[in-house]
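What follows is a short report on a single structure.
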Amino acid sequence: MQGRRTRRLPLSGSRPSSRWGVAWTLVFLAASAAASSVSAEIKTVAASGEHRMDERDTKEDAIRLATESAKRNALEQVATYVESVTATKGMDLTKDEIRTYTAGVVLVREQRLTISVDGGTVVVKVDLLAEINTEDVIEAIEILRKNEDARVQLAALKQETDRLRQELDRANRALVDAPMADRAGSAARRREILYRVQSNAILSQAWTDWALVLSGLSSVVSREGINTAHWLHLLQAAREFYPDNPHMGAAESKLAGNGRQSVSQPSPAPFIPVIPARKSGLMPRHELVPGPGSQGGARTLNEIVYRSPERATSRANDSSVQSEPRSRLSAEPDRAEKALEEDPEVR
Numbered sequence: 003m004q005g006r007r008t009r010r011l012p013l014s015g016s017r018p019s020s021r022w023g024v025a026w027t028l029v030f031l032a033a034s035a036a037a038s039s040v041s042a043e044i045k046t047v048a049a050s051g052e053h054r055m056d057e058r059d060t061k062e063d064a065i066r067l068a069t070e071s072a073k074r075n076a077l078e079q080v081a082t083y084v085e086s087v088t089a090t091k092g093m094d095l096t097k098d099e100i101r102t103y104t105a106g107v108v109l110v111r112e113q114r115l116t117i118s119v120d121g122g123t124v125v126v127k128v129d130l131l132a133e134i135n136t137e138d139v140i141e142a143i144e145i146l147r148k149n150e151d152a153r154v155q156l157a158a159l160k161q162e163t164d165r166l167r168q169e170l171d172r173a174n175r176a177l178v179d180a181p182m183a184d185r186a187g188s189a190a191r192r193r194e195i196l197y198r199v200q201s202n203a204i205l206s207q208a209w210t211d212w213a214l215v216l217s218g219l220s221s222v223v224s225r226e227g228i229n230t231a232h233w234l235h236l237l238q239a240a241r242e243f244y245p246d247n248p249h250m251g252a253a254e255s256k257l258a259g260n261g262r263q264s265v266s267q268p269s270p271a272p273f274i275p276v277i278p279a280r281k282s283g284l285m286p287r288h289e290l291v292p293g294p295g296s297q298g299g300a301r302t303l304n305e306i307v308y309r310s311p312e313r314a315t316s317r318a319n320d321s322s323v324q325s326e327p328r329s330r331l332s333a334e335p336d337r338a339e340k341a342l343e344e345d346p347e348v349r
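My numbering puts the first residue of the sequence shown at 3, with every later residue one more than the last.
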């Protein structure tokens, strides 16, 4: 056919001209970069939660409640997004399954506590900026679904946590109407529910990391250099929040037993979020990301917890702590403003 030119591609083993070699290299690199950007899309999620304090609240409980609210809002946004992504890929996943598996792989990049005064009421607000790598999340979901031990335990923890959150809502409503004589007991019961929720979250993280590390998912391993010491440390933290957690036995049996032979590379125990000591008279500070003394970067949603340094067995039974009033703070709202002025890290 006249006017049409055909160029023979070099046979395997022959040497193409340098001009065409460079051209094909550039095309290949561009295609690879495009494919990578599509398959490894990063989604950012901003979420917040707040608690308006009254005379029935302690400062620590207000931060815990605001933090849990922010985490729930972040997870709901993530679940909605991941549901749409997995639907386009033909994956048969329910939104409830996504919530079960993703809290342990969603990274919190920024975390902020704001304490303000609104009409004489102290408002505690927690803001979270989280991100997910769609490729990692989808791969993690597949791994967790296939690991029977992790799948069963994560589902059980999720089911109980949902029930505990319903109890928490009821406890909040009951505390509003509780007589003065019953407020200390009602606040203590609400605090115990919060501790159980946090204990379950940390156990869920231990199961998630264990399953993903055993599968060889590199993105999780590189996050902390996670090994057996990591999830043993998580188990200890979960036990401190709720020593009678009914899910502890299964986790200790599997993670502290079989896991010890499965992963052998040594690494220092990771940092578990703890609130550092604070100046007397100031509102408590939320732990920053990365936390003080942390060797790694961002924490997952499961790892974002509030724990005061006084959280110990002896303090848990201290009635003076359980009934700590907030009325003095209500009468002096300028204390919250002073805390913001003197401690910029809570902004």
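All residues carry an ideal CB built from backbone N, CA and C; glycine is no exception.
Small disclaimer: the values here were computed from a predicted structure and weren't measured.
Val110 beta carbon less than 8 Å from that of Leu303: Counting from 1 along the sequence shown, the entry for residue 303 is found at position 301. Counting from 1 along the sequence shown, the entry for residue 110 is found at position 108. Against a cut-off of 8 Å, the Cβ pair of Val110 and Leu303 comes out as a contact.
Mind checking whether Leu130 and Ala76 have CB atoms under 8 Å apart? For the purposes of this step, residue 130 is identified with residue 128 of the sequence shown, where counting begins at 1. For the purposes of this step, residue 76 is identified with residue 74 of the sequence shown, where counting begins at 1. In this structure, Ala76 lies closer than 8 Å to Leu130 by Cβ.
Over the uninterrupted alpha helix (DSSP H) stretch that includes Lys127, give me the two end residues. Looking up residue 127 in the sequence shown gives position 125. From DSSP, Lys127 is part of no alpha helix (DSSP H) but of the beta strand (DSSP E) over Thr123 to Asn135.
Closer than 6 Å by C-beta to Arg198: which residues in its own chain qualify, once you throw out the five before and the five after it? Chain order, please. For the purposes of this step, residue 198 is identified with residue 196 of the sequence shown, where counting begins at 1. Only Leu166 and Tyr244 meet the Cβ criterion.
When we look at the beta-carbon of Ser321 and count the other beta-carbons within 10 Å, is it buried (16 or more) or exposed? For this step, residue 321 is matched to residue 319 along the sequence shown. Low confidence applies to Ser321: its pLDDT is 33, below 50, so where it sits in the model is not reliable, and the reading given next is rough at best. So Ser321 counts as exposed.
Round the Cβ separation of Ile145 and Leu214 to the nearest angstrom and send it over; I've been treating them as touching at under 8 Å. Indexing the sequence shown from 1 puts residue 145 at position 143. Indexing the sequence shown from 1 puts residue 214 at position 212. At roughly 6 Å, the Cβ-Cβ gap stays under 8 Å, so Ile145 and Leu214 are in contact.
Residue interval of the alpha helix (DSSP H) (run including Ile44): As a first step, residue 44 is located in the sequence shown; it is residue number 42 there, counting from the start. Per DSSP, Ile44 lies in no alpha helix (DSSP H) segment; the continuous beta strand (DSSP E) that holds it begins and ends at Ile44 to Arg54.
Nearest-angstrom Cβ-Cβ length linking Ala157 and Val107, presumed shorter than 8 Å: The count along the sequence shown starts at 1 and reaches residue 157 at position 155. The count along the sequence shown starts at 1 and reaches residue 107 at position 105. About 16 Å; that fails the 8 Å criterion.
If you draw a straight line from the alpha carbon of Arg191 to that of Ala173, how long is it in whole angstroms? Along the sequence shown, read from residue 1 onward, the residue named residue 191 stands at position 189. Along the sequence shown, read from residue 1 onward, the residue named residue 173 stands at position 171. Distance between the alpha carbons of Arg191 and Ala173 is about 8 Å.
Going by beta carbon distance, what residues of the same chain come within less than 7 Å of Tyr83, once the five residues before and after it are set aside? Walking along the sequence shown from the start, residue 83 turns up at place 81. Lys45.
Since Val128 and Gln200 should fall inside the 8 Å C-beta cutoff, what is the C-beta to C-beta distance between them, to a whole number of angstroms? As a first step, residue 128 is located in the sequence shown; it is residue number 126 there, counting from the start. As a first step, residue 200 is located in the sequence shown; it is residue number 198 there, counting from the start. At roughly 14 Å, the Cβ-Cβ gap does not stay under 8 Å, so Val128 and Gln200 are not in contact.
Under the DSSP definition of a beta bridge, which residues are partnered with Thr210? Walking along the sequence shown from the start, residue 210 turns up at place 208. DSSP lists no partner for Thr210.
Ala208 vs Trp233 beta-carbon contact at 8 Å: Here residue 208 refers to the residue found at position 206 when the sequence shown is read from its first residue. Here residue 233 refers to the residue found at position 231 when the sequence shown is read from its first residue. Closer than 8 Å, so yes.
To the nearest angstrom, how far is the alpha carbon of Asp164 from that of Arg74? For the purposes of this step, residue 164 is taken as residue 162 along the sequence shown, with counting starting at 1. For the purposes of this step, residue 74 is taken as residue 72 along the sequence shown, with counting starting at 1. Distance between the alpha carbons of Asp164 and Arg74: 11 Å.
Name the one or two DSSP bridge partners that Gln113 has. Numbered from its first residue, the sequence shown carries residue 113 at position 111. Answer is Leu130, bridged to Gln113.
Just curious, the alpha helix (DSSP H) that Gly251 is in, first and last residue? Taking the sequence shown and counting its residues from 1, one reaches residue 251 at position 249. Counting along the chain, the alpha helix (DSSP H) containing Gly251 begins and ends at Met250 to Ser255.
Which class does Thr302 belong to by DSSP, given the choice of helix, strand or coil? Counting from one through the sequence shown, the residue named residue 302 turns up at place 300. Three-state result, Thr302: strand.
Cβ-based burial, Val47 [other Cβ within 10 Å; buried from 16]: Locating residue 47 in the sequence shown gives position 45, counting from the first residue. So Val47 counts as buried.
Under a three-way DSSP split, which group does Asp120 fall into? Residue numbering aside, residue 120 sits at position 118 when the sequence shown is read from its first letter. It is a strand residue.
When the Cα atoms are used, what is the spatial distance from Pro181 to Ser188? Taking the sequence shown and counting its residues from 1, one reaches residue 181 at position 179. Taking the sequence shown and counting its residues from 1, one reaches residue 188 at position 186. Ser188 has its alpha-carbon roughly 10 Å from the corresponding atom of Pro181.
Exposed or buried, Gly51, counting other C-beta atoms within 10 Å across all chains shown (16 or more means buried)? Here the question's residue 51 lines up with position 49 in the sequence shown. Buried, because 16 or more other Cβ atoms sit within 10 Å of the Cβ of Gly51.
What's the call for Ser255, buried or exposed, on a 16-neighbour Cβ count within 10 Å? Taking the sequence shown and counting its residues from 1, one reaches residue 255 at position 253. Ser255 is exposed by the Cβ-count criterion.
Endpoints, alpha helix (DSSP H) assigned at Glu57: Taking the sequence shown and counting its residues from 1, the one referred to as residue 57 is at position 55. No alpha helix (DSSP H) holds Glu57; DSSP gives it neither H nor E.
Assumed close pair Met55, Thr116 - CB separation to whole angstroms, cut-off 8 Å: In the sequence shown, the residue the question calls residue 55 occupies position 53. In the sequence shown, the residue the question calls residue 116 occupies position 114. In fact, because the Cβ distance is near 13 Å, the residues do not count as touching under 8 Å.
Do Ala231 and Ile204 count as a contact pair if the criterion is CB distance below 8 Å? To locate residue 204, count along the sequence shown from 1; it is residue 202. To locate residue 231, count along the sequence shown from 1; it is residue 229. Contact: no.
Kindly give me the distance between the Cβ atoms of Thr88 and Ile140, rounded to whole angstroms, as I take these residues to be in contact under 8 Å. Here residue 88 refers to the residue found at position 86 when the sequence shown is read from its first residue. Here residue 140 refers to the residue found at position 138 when the sequence shown is read from its first residue. The pair is a contact, with the Cβ atoms about 7 Å apart (cut-off 8 Å).
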